[in-house]
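Here the structure comes first, spelled out in structure tokens, and everything after it is commentary.
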Amino acid sequence: MRDDEGDYRIPPGGGVPWRDLSVEEARRPPERDLEITDVKTMAVAGNFTWGLVKVETNTEHYGLGETFRAEAALDMAERLVVDLKGENPLDVDRLLELMNQRYTGCGRVGQSAFTGVETALWDIKGKVLDVPVYELLGGKYRDEITIYCDTHGGESLGQAASRDPTDVYTPESYARAAREVVDEGFEALKFDLDVLTSRDVDTAARRLDNESIEHKVSLVEAVRDEIGYDVDLGMDLHWNFTVETARRIGKRLEPYDLAWLEDPVPPEQVEAHARLAEELHLPILTGENVVTAARFDDYARAGAMDIAAPDVNKCGGLWELRKIATVCDLRGIPLAPHNISSPVGTIAGVHVCAAIPNFLALEWHARDVPWWGDLVRRTDAPDEPILEDGYVELPEGPGLGVELDPDVAAEHLVEGSELFV
Ligand code: MG
493 MRDDEGDYRI
503 PPGGGVPWRD
513 LSVEEARRPP
523 ERDLEITDVK
533 TMAVAGNFTW
543 GLVKVETNTE
553 HYGLGETFRA
563 EAALDMAERL
573 VVDLKGENPL
583 DVDRLLELMN
593 QRYTGCGRVG
603 QSAFTGVETA
613 LWDIKGKVLD
623 VPVYELLGGK
633 YRDEITIYCD
643 THGGESLGQA
653 ASRDPTDVYT
663 PESYARAARE
673 VVDEGFEALK
683 FDLDVLTSRD
693 VDTAARRLDN
703 ESIEHKVSLV
713 EAVRDEIGYD
723 VDLGMDLHWN
733 FTVETARRIG
743 KRLEPYDLAW
753 LEDPVPPEQV
763 EAHARLAEEL
773 HLPILTGENV
783 VTAARFDDYA
793 RAGAMDIAAP
803 DVNKCGGLWE
813 LRKIATVCDL
823 RGIPLAPHNI
833 SSPVGTIAGV
843 HVCAAIPNFL
853 ALEWHARDVP
863 WWGDLVRRTD
873 APDEPILEDG
883 YVELPEGPGL
893 GVELDPDVAA
903 EHLVEGSELF
913 V
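See below:
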């Protein structure tokens, strides 16, 4: 909702209890008495459009963050400067609460925008206090973050739309891709299993015939035959099926000891998730389209997820991700966060994954982008790769511990977007 000046402002009483979240005096010592001066955004063309956010202050310190994909979320993030200018960026929780209160009802786009800004605030806070972000989120459970590789057998979803899908998504192509990824050092990977397997399927009905299900089983079988059972293997269904079809698929996949079956039914169907989690002898993973800890609590209480997959750049912020981890940990649910972002958002996720006990693996979705790691440099080890042998080593530089390479950002800037460094 926009006001007369085009802002997304929602007046007091817009759906949540209205609290006065302003602070009259900063009351901080001079070295921590700083102000937000601007919020800038830019879009970089990776395999998705990566929405980067920069929050500037009246000191040398600035922060970087990332929204889930770009466009609307970036537009909104930039407009948040109206509310944030003059505020002390160290008040991360209060400013996130302020954004949530003023822009309630903006859904996943709003939470993506908040996340981009909030991540940048943590980056600033870490730089001001001269500590990495994970220290601010509770400290360290681990030094290396296990990354699971989103893997495509044949071609990416959508790219093969004009061809016979059974020629593209073959057991051989799945097995070959799995072998490559394991040989690159990954100990966890995931495939899309909602690839079309027949031109006759009525996709609107969300139901598959037996032949289509057998094709999916053949893909999974080929992967297990190639890489064995010591590798964590997830399969993603992208919300595409009815409970009965998801159940038929899941039952046939039980012998393959999957690490998880992802998003079998649409995200709003909490009870349907719970039925499948109860009936199938394989873990149900969901959550990339669920935002805020309150909604994850709904899923957790309903028994609707065995593994939670909040999206690092959409779920509502790094602090929100930490809260989601706590909500899930209370019910014995581990996190395998969804992540399709640039190294900025990925490293933000890495800091949270280091600081939570119930961590399984963090997604990486950029195997098709050879320059992915070149977009940033680690400030503590500029020549070290961001991702190596299936792991990200936790950065120890202040804040997120990475800075953008302006040349790489400029080279891949989305047309019409303005470069910040
Ligand atoms: Mg998914």
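Under this note's numbering, residues 493 to 913 are what the sequence shown spells out, in order.
By construction, the Cβ of each residue, glycine as well, lies at the ideal position given by its N, Cα and C atoms.
Around the C-beta of Gly-908, are 16 or more other C-beta atoms found within 10 angstroms, so that it is buried, or is it exposed? Residue numbering aside, residue 908 sits at position 416 when the sequence shown is read from its first letter. Classification for Gly-908: exposed.
Uninterrupted beta strand (DSSP E) stretches inside the segment 734-794 (no shorter than 3 residues): Note on the segment 734-794: whole beta strand (DSSP E) runs with a minimum of 3 residues are 752-754 and 776-778, in chain order.
What number of angstroms, rounded off, separates the C-alpha of Val-660 from the C-alpha of Leu-772? Looking up residue 660 in the sequence shown gives position 168. Looking up residue 772 in the sequence shown gives position 280. Cα to Cα, the separation comes out at about 29 Å.
Beta-carbon separation (whole angstroms), Ala-669 vs Gly-645, contact threshold 8 Å: Taking the first residue of the sequence shown as 1, we reach residue 669 at position 177. Taking the first residue of the sequence shown as 1, we reach residue 645 at position 153. So it is a contact: roughly 5 Å between Cβ atoms.
Name, in chain order, the residues that DSSP records as bridge partners for Arg-634. As a position in the sequence shown, residue 634 is number 142, starting the count at 1. Answer by DSSP bridge pairing: none, since Arg-634 is not bridged.
Does the segment 618-626 come into contact with the segment 842-861, if we say contact requires no fewer than three beta-carbon pairs (one atom in each stretch) closer than 8 Å? Because the criterion of three Cβ pairs below 8 Å is met, the segment 618-626 and the segment 842-861 touch.
Backbone secondary structure at Phe-606 - three-state DSSP: Looking up residue 606 in the sequence shown gives position 114. Phe-606: helix per DSSP, three-state reduction.
Could you tell me which whole alpha helix (DSSP H) segments of length 4 or greater appear in the segment 684-729? The DSSP assignment places 702-719 as complete runs of the alpha helix (DSSP H) inside the segment 684-729, in order along the chain (cut-off: 4 residues).
In the DSSP assignment, the beta strand (DSSP E) including Tyr-883 goes from what residue to what residue? Here residue 883 corresponds to residue number 391 of the sequence shown, with the count starting at 1. 883-885 is the span of the beta strand (DSSP E), which, as asked, contains Tyr-883.
Would you tell me roughly how many angstroms separate the C-alpha atoms of Leu-685 and Arg-869, rounded to the nearest one? Start at 1 with the first residue of the sequence shown, and residue 685 comes out as number 193. Start at 1 with the first residue of the sequence shown, and residue 869 comes out as number 377. A direct Cα-Cα distance of roughly 34 Å separates Leu-685 from Arg-869.
Distance, Cα to Cα, Gly-543 vs Thr-533? By 1-based counting over the sequence shown, the position of residue 543 is 51. By 1-based counting over the sequence shown, the position of residue 533 is 41. Going from the Cα of Gly-543 to the Cα of Thr-533 covers about 7 Å.
Alpha carbon to alpha carbon, what distance is there between Pro-890 and Gly-618? Indexing the sequence shown from 1 puts residue 618 at position 126. Indexing the sequence shown from 1 puts residue 890 at position 398. The alpha-carbon atoms of Gly-618 and Pro-890 are separated by roughly 5 Å.
For Asp-622, verify whether its CB is less than 7 Å away from any heavy atom of the ligand MG. The sequence position of residue 622 within the sequence shown is 130, counting from 1. Answer for Asp-622: no, Cβ out of range of the ligand MG.
Using alpha carbons as the reference points, say which of Trp-752, Ala-792, Gly-742 and Ala-751 lies closest to Glu-763. Taking the first residue of the sequence shown as position 1, residue 763 is located at position 271. Out of Trp-752, Ala-792, Gly-742 and Ala-751, Ala-792 has the C-alpha closest to the C-alpha of Glu-763.
Helix, strand or coil at Pro-826 [DSSP, three-state]: Here the question's residue 826 lines up with position 334 in the sequence shown. Under the three-state reduction of DSSP, Pro-826 is assigned to coil, being neither helix nor strand.
Bounding residues of the alpha helix (DSSP H) (the contiguous stretch that carries Leu-628): Translated into the one-based positions of the sequence shown, residue 628 becomes position 136. Its alpha helix (DSSP H) spans residues 625-628.
When burial is assigned at 16 or more other CB atoms within 10 Å of the CB, is Ser-834 buried or exposed? Counted from its first residue, the sequence shown places residue 834 at position 342. Counting every other CB atom within 10 Å of its CB across the protein chains shown gives Ser-834 a total of 16 or more, marking it as buried.
How would you label Gly-631, buried or exposed, when you count the other beta carbons within 10 angstroms and need 16 or more for buried? On the sequence shown, residue 631 is found 139 positions in, with the first residue counted as 1. By the neighbour-count definition (other C-beta atoms within 10 Å, threshold 16), Gly-631 is an exposed residue.
Proximal residues to Asp-755 (C-beta, below 6 Å), its chain only, five neighbours per side dropped: Along the sequence shown, one-based indexing puts residue 755 at 263. Close CB contacts of Asp-755 within its chain, under the 6 Å cut and outside five residues either way in sequence, are with Leu-729, His-730, Trp-731 and Thr-778 (chain order).
In its own chain, which residues sit with a C-beta less than 7 Å from the C-beta of Ile-502, not counting the 5 before and 5 after it? In the sequence shown, the residue the question calls residue 502 occupies position 10. Reliability of the predicted coordinates at Ile-502 is poor, the pLDDT of 48 falling under 50, and no value is obtained from them.
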